[in-house]
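Just so we're aligned: 491 in this note's numbering is position 240 of the sequence shown, and the numbers increase by one with no gaps anywhere.
Glycine is no exception: its CB is placed at the ideal position from the N, C-alpha and C atoms.
Quick caveat: nothing in here was measured; it's all calculated off a predicted structure.
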Amino acid sequence: MVTRELLDFIKYQFGQGIDQISLTKMLTENGWDQKDIEEAFSLVSSIISPPLQEQSQPPQTQTPSITSLPAATELLANAWQILKQRFWTVSGILSIPFIPYLILFVLAGLLAFGSLIFANKPSPEPSGVPIMPPLDLKTMLPFIILYILSILAYIFIASWSQIALLYTIKNNKENIGIRQSYKKALRKILPYWWTLFLLGLVVTGGLMLLLIPGIIFIIWFMFAAYILILEDTGGLNALLKSREYVEGHWWGVLWRYIFIMVFFIIILVIPNLIIQLLKLTFLNFIFSLITYFVVTPLIVIYTFLLYDSLRMLKGQFTFVPAKKSRTVFALVAVLGGIIIPLTILGTIALIAINPSAQINKANDAKRMQDQVSVRYALEAYLIENGRYPENLYQLVPKYLKSIPSDPKTKLPYFYRELRESQDYEFCIDFSTKTNCTNAKTNINVNYQYLFTTPFPTIPSNKSSQY
Numbered sequence: 252m253v254t255r256e257l258l259d260f261i262k263y264q265f266g267q268g269i270d271q272i273s274l275t276k277m278l279t280e281n282g283w284d285q286k287d288i289e290e291a292f293s294l295v296s297s298i299i300s301p302p303l304q305e306q307s308q309p310p311q312t313q314t315p316s317i318t319s320l321p322a323a324t325e326l327l328a329n330a331w332q333i334l335k336q337r338f339w340t341v342s343g344i345l346s347i348p349f350i351p352y353l354i355l356f357v358l359a360g361l362l363a364f365g366s367l368i369f370a371n372k373p374s375p376e377p378s379g380v381p382i383m384p385p386l387d388l389k390t391m392l393p394f395i396i397l398y399i400l401s402i403l404a405y406i407f408i409a410s411w412s413q414i415a416l417l418y419t420i421k422n423n424k425e426n427i428g429i430r431q432s433y434k435k436a437l438r439k440i441l442p443y444w445w446t447l448f449l450l451g452l453v454v455t456g457g458l459m460l461l462l463i464p465g466i467i468f469i470i471w472f473m474f475a476a477y478i479l480i481l482e483d484t485g486g487l488n489a490l491l492k493s494r495e496y497v498e499g500h501w502w503g504v505l506w507r508y509i510f511i512m513v514f515f516i517i518i519l520v521i522p523n524l525i526i527q528l529l530k531l532t533f534l535n536f537i538f539s540l541i542t543y544f545v546v547t548p549l550i551v552i553y554t555f556l557l558y559d560s561l562r563m564l565k566g567q568f569t570f571v572p573a574k575k576s577r578t579v580f581a582l583v584a585v586l587g588g589i590i591i592p593l594t595i596l597g598t599i600a601l602i603a604i605n606p607s608a609q610i611n612k613a614n615d616a617k618r619m620q621d622q623v624s625v626r627y628a629l630e631a632y633l634i635e636n637g638r639y640p641e642n643l644y645q646l647v648p649k650y651l652k653s654i655p656s657d658p659k660t661k662l663p664y665f666y667r668e669l670r671e672s673q674d675y676e677f678c679i680d681f682s683t684k685t686n687c688t689n690a691k692t693n694i695n696v697n698y699q700y701l702f703t704t705p706f707p708t709i710p711s712n713k714s715s716q717y
């Protein structure tokens with residue numbers, strides 16, 4: 252397939268004095284089809300007239316302005332300077348997505364208390380305690396629709412905001428405002444989604460091949476969104492051009508990426524742990540705002556500066572992605588496109604089957620069986636000895652074949668004798684709220700069932716107390 256990049260490449264090479272035969276050989280070696288090459292030559296010949304060819308000047312190769320990547324600390328310091336200069340513009344851009352977020356918050360509240368507001372008045376119980384009627388789907392449907400629309404609006408505006416932020420960083424010396432940034436960003440939303448979608452598919456496909464290819468792909472393609480915004484190249488070409496920039500600097504990019512992630516993990520996790528331990532709710536809110544309005548844009552600016560440094564190192568060049576590369580990564584994207592829906596379906600199936608709940612039920616059934624066995628063994632011991640045993644080991648082997656243990660932890664259940672061996676306490680931790688044979692069972696917050704004796708051996712009007 253003849254692409255715009257191929258035509259530009261051929262025109263540039265003609266301007267450099269490369270003849271058609273040499274150029275054909277060069278393109279063939281890079282995986283281009285002979286038919287596409289001939290068609291491209293024909294199109295270029297029809298576009299460029301002979302006089303125009305004589306007057307045209309080949310683009311000058313730009314000498315790289317830097318010879319190596321800046322240090323991670325230098326990138327961070329420069330990012331901080333840019334953020335300080337453009338803080339209010341950046342904050343304004345990031346504030347816009349809060350509008351649909353607030354709408355979502357309000358609608359979620361209305362959905363939760365919809366029956367209170369829109370349903371009929373509660374019908375009182377004889378005790379005077381009102382009972383709320385069940386939520387009416389017809390009544391709540393408009394709010395559900397509004398809620399879904401608000402989610403979509405939030406996704407749209409959040410993407411728009413991220414693109415506007417990139418334009419603000421790109422033009423930080425021009426001091427463009429919030430409105431201008433959003434205006435420039437509007438036409439890039441769909442290409443932005445498409446580029447990120449392809450990026451997700453390719454990285455997912457790489458992770459399915461093995462962990463290492465996935466990590467390599469992440470570093471290769473991490474600048475695709477920046478290339479879309481700053482160089483107007485999107486889709487798979489943006490991914491491949493990102494790889495072109497990273498080529499020869501993969502380890503340097505990886506280190507700088509690890510540095511910024513570790514740096515922010517340290518300065519965010521430690522204060523957050525302190526806030527959570529002290530239960531300082533108000534400080535937690537302020538900390539979240541700082542993370543959103545300072546940390547997030549700082550990471551974006553840092554990544555932009557890293558990308559800009561790679562671009563300067565590469566210098567000006569005409570990018571023509573090899574057909575083989577496009578084919579390989581398109582196939583990887585297809586693999587990712589197959590894996591993602593299969594993963595979603597598998598997750599849904601796993602939730603529906605819920606093996607963890609089934610295991611918990613089986614374990615609780617075993618615990619209930621152990622409870623009955625131990626209790627009967629204890630009562631048999633009491634009848635023969637006039638007292639309860641000091642520990643469960645005294646029940647083996649006459650009253651129990653072996654000491655029962657918890658099916659999950661494999662540890663023996665808790666037991667102790669009380670009141671000079673005339674009473675005891677036997678504890679079993681259940682994973683779910685399972686009903687016991689005695690209504691007097693005490694249950695603590697961990698669903699720990701405490702059984703207190705004596706066990707009634709003679710029928711009584713009172714329930715047995717465990």
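Considering only DSSP beta bridges, list what residue i is partnered with.
| i | result |
| --- | --- |
| A667 | Inspection of the sequence shows that residue 667 is occupied by Arg rather than by Ala. Its beta-bridge partners are E676. |
| S656 | P663 |
Cα-Cα, which of the options is closest to residue i?
| i | options | result |
| --- | --- | --- |
| I288 | P393, I261 and I269 | I261 |
| V585 | V454, N535 and F515 | V454 |
| K649 | A631, P658 and E641 | A631 |
| T578 | Q271, D284 and T275 | D284 |
| L505 | Y496, L596, L531 and I470 | I470 |
| Q673 | N281, P351, N636 and Y443 | N636 |
| E668 | N523, I679, P640 and G566 | P640 |
| I347 | L392, I463 and Y405 | Y405 |
| Y418 | S432, Y352 and R438 | S432 |
| I395 | N426, F356 and F407 | F356 |
| A323 | F665, Y508, M277 and V253 | Y508 |
| R494 | K565, K286, Y398 and N329 | K565 |
| F338 | G428, L462, I521 and F677 | G428 |
| R638 | L462, I521, R670 and L458 | R670 |
| L557 | A328, I269 and L540 | A328 |
So, using beta-carbon positions, are residue i and residue j closer together than 8 Å?
| i | j | result |
| --- | --- | --- |
| P663 | L646 | no |
| L320 | H500 | yes |
| F568 | L490 | no |
| L450 | F472 | yes |
| L481 | K421 | yes |
| I333 | N423 | yes |
| A409 | T446 | no |
| N248 | K661 | This structure gives no information on residue 248, because the portion of the chain shown stretches from 252 to 717. |
| Y553 | I518 | no |
| V497 | L561 | yes |
| I526 | F538 | yes |
| G282 | K492 | no |
| F570 | E256 | yes |
| L452 | G587 | yes |
| I595 | G456 | no |
| M563 | I354 | no |
Buried or exposed: which applies to residue i, given that a residue is buried once 16 or more other Cβ atoms fall within 10 Å of its Cβ?
| i | result |
| --- | --- |
| S401 | buried |
| F265 | buried |
| D559 | buried |
| W502 | exposed |
| S412 | buried |
| L582 | exposed |
| T542 | exposed |
| Y627 | exposed |
| T532 | exposed |
| F536 | exposed |
| Q622 | buried |
| G485 | buried |
| L524 | exposed |
| L629 | buried |
| A616 | exposed |
Assuming residue i contacts residue j under a Cβ cut-off of 8 Å, what Cβ separation, rounded to an integer in Å, is found between them?
| i | j | result |
| --- | --- | --- |
| L416 | L345 | 7 Å |
| P655 | V625 | 6 Å |
| L294 | V253 | 7 Å |
| I440 | I467 | Not a contact, Cβ separation roughly 29 Å. |
Within the 8 Å Cβ cut-off, does residue i reach chain D?
| i | result |
| --- | --- |
| A476 | This model lacks chain D altogether, as it is built from one protein chain only. |
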